[in-house]
Amino acid sequence: IAKKDEAEANRKISSSFFINSLFIFPCMAGFFVLAGPILKLLYPSVPEGSLVLILLSISLPFSSMNYILNGVLYGIGKTFVPAVALGIGSLIKLGLNILLVNIPSVNIYGAVFSTVLYNILIFAIELAVVKRYVKLQVDIKRCFVKPIFSSAVMGVVVFFTYKLCALGLGNTASTLVAVFVGVIVYAL
Numbered sequence: 789i790a791k792k793d794e795a796e797a798n799r800k801i802s803s804s805f806f807i808n809s810l811f812i813f814p815c816m817a818g819f820f821v822l823a824g825p826i827l828k829l830l831y832p833s834v835p836e837g838s839l840v841l842i843l844l845s846i847s848l849p850f851s852s853m854n855y856i857l858n859g860v861l862y863g864i865g866k867t868f869v870p871a872v873a874l875g876i877g878s879l880i881k882l883g884l885n886i887l888l889v890n891i892p893s894v895n896i897y898g899a900v901f902s903t904v905l906y907n908i909l910i911f912a913i914e915l916a917v918v919k920r921y922v923k924l925q926v927d928i929k930r931c932f933v934k935p936i937f938s939s940a941v942m943g944v945v946v947f948f949t950y951k952l953c954a955l956g957l958g959n960t961a962s963t964l965v966a967v968f969v970g971v972i973v974y975a976l
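Just so we're aligned: 847 in the working numbering is position 59 of the sequence shown, and the numbers increase by one with no gaps anywhere.
Right under this line is the structure:
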């Protein structure tokens, strides 16, 4: 990448990470604190599985940021890297699924663990390659710290809003009110 293009590339990459973070971290926080109510809302007869949703929410940022890194890799002509990362991740995920899901005490959580690890691994591989070819200058505070902090505050407010509403309202109304309050709190 030429020097003048490098500054523009960094601006676009940083902007992409920032916009992605604005949306994905509140989604993660929402799934984390409202996993049970969301499952109850969508599947009233089978509300179990909230721990699965909570644990899977951890992989959301990595999964979504992989799309940004894929775009960067395609842009710098390293189109094979996402496929190689996906292949490596898939083999490890398959191996862990076979190993962990067969352990009765682990069971479905083995698939959850392997999925989270899969997304983190692909992110790490792609980020390492991007950093090798592009001198990334991402504002960590702006792109990650502030959205994570705001999402954590929102998550706490959403959690307590749901608990308070659940005292007098049903699950559906409590979940919807909590989500609405979360959107307002996050927007502030």
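The C-beta atom is built at its ideal place from N, Cα and C for all residues, glycine as well.
Nothing here was measured: the structure is a model prediction, and the numbers come from that model.
Around Leu839, the same chain offers no residue with a beta carbon nearer than 7 Å, after the five sequence neighbours per side are excluded. With a cut-off of 8 Å on Cβ pairs, the stretch 867-874 is not in contact with the stretch 888-905, counting fewer than three such pairs. Here Pro849 is buried: its Cβ has 16 or more other Cβ atoms, across all protein chains shown, within 10 Å. Listed in chain order, the non-local C-beta contacts of Ile880 below 8 Å within the same chain comprise Ser902, Leu905, Tyr906, Leu909, local neighbours out to five positions each way being set aside.
Put simply, of Asn808, Val933, Thr949, Glu794 the residue whose alpha carbon is nearest the alpha carbon of Val967 is Thr949. Here Asn808 has Ser852, Met853, Ile856 as same chain residues with Cβ atoms under 7 Å from its own Cβ, once five neighbours each way along the sequence are excluded. Taken atom to atom, the span from the alpha-carbon of Glu794 to that of Leu884 is near 39 Å. Excluding its 5 nearest sequence neighbours in each direction, Thr960 has C-beta neighbours in its own chain below 7 Å: Leu829, listed in chain order.
Sequence-distant Cβ neighbours of Phe806 in its own chain, meaning closer than 7 Å and more than five residues away, are Arg930, Cys931. The beta carbon of Leu843 is closer than 8 Å to those of Tyr897, Val900, Phe901, Val904 in its chain, skipping five residues each way along the sequence.
By the neighbour-count criterion, in which 16 or more other beta carbons inside 10 Å mark a residue as buried, Asn858 falls on the buried side. When the beta-carbon positions are compared, Leu924 and Ile801 come within less than 8 Å of each other. In chain order, Val889 place their CB closer than 7 Å to the CB of Asn895, counting only its own chain and leaving out the 5 sequence neighbours on each side. With respect to the C-alpha of Asn798, the residue from Ile928, Leu955, Ser938, Leu976 having the closest C-alpha is Ile928.
The C-alpha of Lys866 lies about 13 Å from the C-alpha of Ile913. Note on Ile891: under 16 other CB atoms within 10 angstroms of its CB, so exposed under the neighbour-count rule. The DSSP-derived three-state label of Tyr906 is helix.
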